[in-house]
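Residue numbers (our numbering): 233 to 688.
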């Protein structure tokens, strides 16, 4: 009897894993839209890959693995058995490159498969929203296969793929941030108009002022610690230009013509974009090869507390985990989460992100069904609410961004004997901040430039 119950339980789990998003997670989350649950599940796949990459690159992992008898080549051994695993490959820099190659390959495959899917009536819609067990096996298989890629030119070539992909994902982060800022401002302005206007106005003003105060503090810190009176000219130019550009977009956001065309635009969005631009500027300068213009956070703290100048580390010192990597990962996770649950009515951002809110997706699915079971409701039978292909392409770029962030944008040699900071990483981040500011400026002036289009 117990065996029969166990078989029935396994069959139920198998049918759920092979089924759609309406079954997956149904017991641990409230009734939700099919499109949201699916995107969250793919986000979990990416999160698992990121966690494994973090473990692989953690200091001391290789030494601990070599202590396992009979596991690593050249490690501890047991009688009549010799370790066969090359632990130099499965941990450290190499492992992150290969792990993220597997993730990128998986999402690239789905990018191609899901081109031009219009609704869940398309057979490929079932593949997008179901068969999770087999998709997980495919992801594991591609990732394991990546570890058998021979060294040589793979390192150099994949580094440049990572630079380009991370650059594109930073732009997507900026788009999501613009969308979030617009939605935030619109929601609070609506609350202010509906009632208790004084309270909401104070909250709106306080957040705006705080964002600008943090931005001013960031600029001050960057000028003090990342520039020298007679050196670090590039840093001075980067900080000054981005400060000027942020002032320009802030002024444009409150011009009468802009306010007339977009009543919900304002300084809150501009303050959020300004603060993020300062972060990207700092992140770019942390990758500068010249160490005296790129002090570590620890040296800045020591210099502040002791009032003495701390000598910068040599160029040969590799610091995998630093403040900008941790902040970058936090922002990455928030962006992926927001991309999975976002439902925006900002026309310009929706066009850029290839998302549209269909009529069938606007209903309220919060009420549970009569049987009391939580299910994800298929809200894409008439039309998809987001581009399946573009969503997977964004996750592909996210995989490359994770790879570059975890390896701190260091460029390795073909034999991994040395790694070093590269100016290419600096220019990628700085240029992405400029393009991001241009994109935000475009969302402001588009209704004026394209006056024959409806941006309401």
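Just so you know, even glycine gets a beta-carbon here, dropped at the ideal spot from N, CA and C. All values reported here derive from a predicted model rather than from experimental measurement.
Backbone secondary structure at residue i - three-state DSSP
i: residue 430; result: helix
i: residue 198; result: Past the edges of the chain, shown from 233 to 688, lies residue 198, and the structure says nothing about it.
i: residue 468; result: helix
i: residue 460; result: strand
i: residue 324; result: coil
i: residue 642; result: coil
i: residue 377; result: helix
i: residue 337; result: helix
i: residue 362; result: strand
i: residue 265; result: strand
Residue from the options whose Cα sits closest to the Cα of residue i
i: residue 498; options: 677, 400, 271; result: 677
i: residue 346; options: 620, 661, 636, 626; result: 620
i: residue 336; options: 505, 463, 382, 623; result: 623
i: residue 525; options: 506, 565, 467, 440; result: 467
i: residue 561; options: 447, 522, 511, 660; result: 511
i: residue 367; options: 342, 380, 405; result: 342
i: residue 412; options: 402, 333, 505, 363; result: 505
i: residue 679; options: 490, 338, 462, 630; result: 490
i: residue 665; options: 656, 402, 372; result: 402
i: residue 631; options: 364, 382, 492, 333; result: 333
i: residue 425; options: 496, 451, 278, 449; result: 496
i: residue 354; options: 613, 656, 618; result: 613
i: residue 383; options: 278, 400, 372, 326; result: 326
i: residue 268; options: 669, 618, 670; result: 618
i: residue 387; options: 527, 559, 669, 328; result: 328
i: residue 372; options: 392, 432, 280; result: 280
Separation of residue j from residue i, as counted between CA atoms
i: residue 663; j: residue 266; result: 37 Å
i: residue 682; j: residue 672; result: 16 Å
i: residue 520; j: residue 513; result: 11 Å
i: residue 567; j: residue 409; result: 8 Å
i: residue 194; j: residue 394; result: The structure shown does not extend to residue 194, since the chain is modelled only from 233 to 688, so the question has no answer here.
i: residue 285; j: residue 389; result: 20 Å
i: residue 419; j: residue 436; result: 10 Å
i: residue 331; j: residue 273; result: 19 Å
i: residue 660; j: residue 667; result: 11 Å
i: residue 616; j: residue 571; result: 15 Å
i: residue 270; j: residue 523; result: 44 Å
i: residue 275; j: residue 461; result: 46 Å
i: residue 674; j: residue 293; result: 47 Å
i: residue 488; j: residue 407; result: 24 Å
i: residue 451; j: residue 415; result: 27 Å
i: residue 277; j: residue 430; result: 44 Å
i: residue 629; j: residue 447; result: 28 Å
i: residue 438; j: residue 670; result: 26 Å
i: residue 698; j: residue 400; result: This structure cannot settle anything about residue 698, because the visible part of the chain is limited to 233 through 688.
Integer-rounded CB distance, given that residue j should sit under 8 Å from residue i
i: residue 642; j: residue 398; result: No, residue 642 and residue 398 are not in contact; Cβ-Cβ is about 13 Å, not under 8 Å.
i: residue 440; j: residue 500; result: 5 Å
i: residue 464; j: residue 509; result: With 8 Å as the limit, residue 464 and residue 509 do not qualify as a contact, their Cβ atoms being about 19 Å apart.
i: residue 349; j: residue 356; result: 5 Å
i: residue 404; j: residue 626; result: 6 Å
i: residue 564; j: residue 517; result: About 19 Å; that fails the 8 Å criterion.
i: residue 443; j: residue 503; result: 3 Å
i: residue 361; j: residue 352; result: 7 Å
i: residue 370; j: residue 339; result: Residue 370 to residue 339, Cβ: 11 Å. No contact.
i: residue 324; j: residue 289; result: 6 Å
> Quick check: the region 454-465 against the region 478-489, are there 3 or more CB pairs under 8 Å?
Replying inline: Not touching, per the Cβ criterion.
> Would the region 635-642 and the region 471-478 be scored as touching if the rule is three or more Cβ pairs under 8 Å?
Replying inline: By the Cβ test, the region 635-642 is not in contact with the region 471-478, since fewer than three Cβ pairs between them sit closer than 8 Å.
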